[in-house]
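The structure appears below as structure tokens.
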Ligand SMILES: NC(=O)c1ccc[n+]([C@@H]2O[C@H](COP(=O)([O-])OP(=O)(O)OC[C@H]3O[C@@H](n4cnc5c(N)ncnc54)[C@H](O)[C@@H]3O)[C@@H](O)[C@H]2O)c1
């Protein structure tokens, strides 16, 4: 049976990746009805009128909540919409980081599978609780770490685990989003008390190093620079993190909302891992932003951060014309959503406990049972950044995150 999908959220990630992926699976008959519940009707309306989505998915529609005519924001509406979904369908949590826990727990209480954007939650104890409730109700909870579905990550994982790279020793990663992100809705929630550049984007590379190597982080220190969003809110918009792993290896991760708007490409990002073999060094180096394409247009495209000369990534999420009708989403952004929907469908179709065990053990999908180290890192990172970058060991963050 095709899963019905309720997306809670409706901002950038829903527009850019989640909704088009679901629409494509609906077109293939693998997803049933789709609904989007935001706190504001205007956001749902803007999504319904988005030109790119209308062009790619002609004739396809989602049910939007709140419906037109609703007055004011309705931050609790998602509870009612989840309650109306028949059990064992799929809820997508795509709200700001600090709201994930409430949406995920509400979905589990109502017997729904969950796809949650990263990070799952901000406290390790919450991830442990979610893992226990999900297991008791035999439901899938998957955190959408889409970099895992980039083929280069899967290639590195396979070769590392075959022994081709020896042992990870030192690494450096970065992901800097463009400056214009500061002007988006982020300025209302990615503030110093809720998040920081490392928590928001650095978690991807911590997750990837585990995904490739199987190593676990043991301590974190994060130095952050407080900066101001255009609306005056304060945020740690530049961060430098150091993550120590259980074999003694060290990963440095730099993150910011600070890559120049005039620079080509949507951001700058990459991962280099220096490793040690029996008699020589070994190396994994991924340029994750520059993937070999150079485009110079005749006119500057519309949209924030758009440039006349650009270096687009063909690998994260693109629309291609395969003869229509509409356009087909391709890339690891799509494959990641597809993998999670397929996994939830498998859980419903088979022996749920056995399928969930297989998914946890395979470690390809991030579940709270196999990936809660991410929450330990975030919890320690939040404590560290508030204390000028002091080293915090996993499981020893002493103050509440929020
Ligand atoms: N690379 C990635 O994996 C990636 C990229 C971007 C965002 N994200 C994650 O996705 C989440 C959302 O990010 P975004 O970029 O879409 O942010 P956004 O600010 O563009 O959108 C968030 C949306 O949630 C809505 N919202 C807030 N409270 C709500 C509530 N109570 N009920 C319903 N809707 C509510 C807001 O109105 C807004 O439309 C964040 O957790 C972020 O970390 C992940």
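Residue numbers (the numbering used here): 958 to 1359. Note that beta-carbon positions come from the ideal geometry of N, C-alpha and C, so glycine has one too. Since the structure is predicted, the reported quantities are computational estimates derived from the model, not experimental observations.
Here DSSP, grouped into helix, strand and coil, assigns residue 1104 to helix. According to the DSSP secondary-structure assignment, residue 1216 is paired through a beta bridge with 1135. Contact between the segment 1178-1196 and the segment 1144-1155 is present, with at least three C-beta pairs closer than 8 Å.
Beta bridge pairing from DSSP links residue 1272 with no other residue.
Counted as a single uninterrupted DSSP element, the beta strand (DSSP E) harbouring residue 1174 occupies residues 1174-1185. Rounded to the nearest angstrom, the Cβ distance from residue 1216 to residue 1229 is 18 Å, too far for a contact under 8 Å.
With a cut-off of 6 Å, the C-beta of residue 965 is classified as near ligand 1, since at least one heavy atom of the ligand falls inside that distance.
Using a cutoff of 6 Å, the CB of residue 1054 counts as near ligand 1, since one of the ligand's heavy atoms is closer than that. Within the segment 1135-1163, the complete alpha helix (DSSP H) runs of at least 4 residues fall at 1143-1146. Residue 1314: not part of any beta strand (DSSP E); member of the alpha helix (DSSP H) spanning 1309-1319, first to last residue. Separation of residue 1088 and residue 1101 (C-alpha to C-alpha, rounded to the nearest whole angstrom) is 15 Å. Within the same chain, and ignoring the five residues on either side of residue 1137 in sequence, the residues whose Cβ sits closer than 8 Å to its Cβ are 1218, 1261 and 1262.
Taking 8 Å as the upper bound for CB-CB distance, residue 1099 and residue 1322 are in contact here, some 5 Å apart. A straight-line Cα-Cα distance of about 22 Å links residue 1000 and residue 1040. The alpha-carbon separation between residue 1129 and residue 1031 amounts to approximately 42 Å.
Between residue 1079 and residue 1325 a beta carbon distance of about 13 Å is seen, past the 8 Å cut, so the two are scored as non-contacting. In this structure, DSSP gives residue 1253 an extended state, which the three-state scheme calls strand. For residue 1292 and residue 1222, the gap between their C-alpha atoms comes out near 21 Å. According to the DSSP assignment, residue 1291 belongs to the alpha helix (DSSP H) that extends over 1289-1306.
Unbroken beta strand (DSSP E) runs of no fewer than 3 residues, entirely contained in the segment 985-1026, are found at 988-994 and 1020-1022, following chain order.
Here residue 1084 is not near residue 1318, since their CB atoms are 7 Å or more apart. The C-beta separation of residue 1241 from residue 1122 comes to about 6 Å, placing the pair in contact by the 8 Å criterion.
Between residue 978 and residue 998, the CB-CB gap reaches or exceeds 7 Å. Going by DSSP, residue 1039 is part of the alpha helix (DSSP H) stretching over 1034-1041. With respect to the C-alpha of residue 1150, the residue from 1345, 1346 and 1339 having the closest C-alpha is 1339. 1272 is the residue among 1220, 965, 1272 and 1204 whose C-alpha sits nearest the C-alpha of residue 1103.
With contacts defined by Cβ atoms closer than 7 Å, residue 1220 and residue 1159 do not form a contacting pair. Looking at the backbone, the Cα of residue 1288 and that of residue 1106 are separated by about 9 Å.
By the 16-neighbour rule on beta-carbons within 10 angstroms, residue 1115 is exposed. At least one heavy atom of ligand 1 lies closer than 6 Å to the C-beta of residue 968. Residue 1045 carries a coil assignment under DSSP once its states are collapsed to helix, strand and coil. Close CB contacts of residue 1335 within its chain, under the 7 Å cut and outside five residues either way in sequence, are with 1076, 1079, 1156 and 1160 (chain order). Pairing residue 1034 with residue 994 gives a Cβ-Cβ distance under 7 Å. The beta carbons of residue 1048 and residue 1017 sit no closer together than 7 Å. Taking 6 Å as the cut-off, one finds no heavy atom of ligand 1 near enough to the beta carbon of residue 1188.
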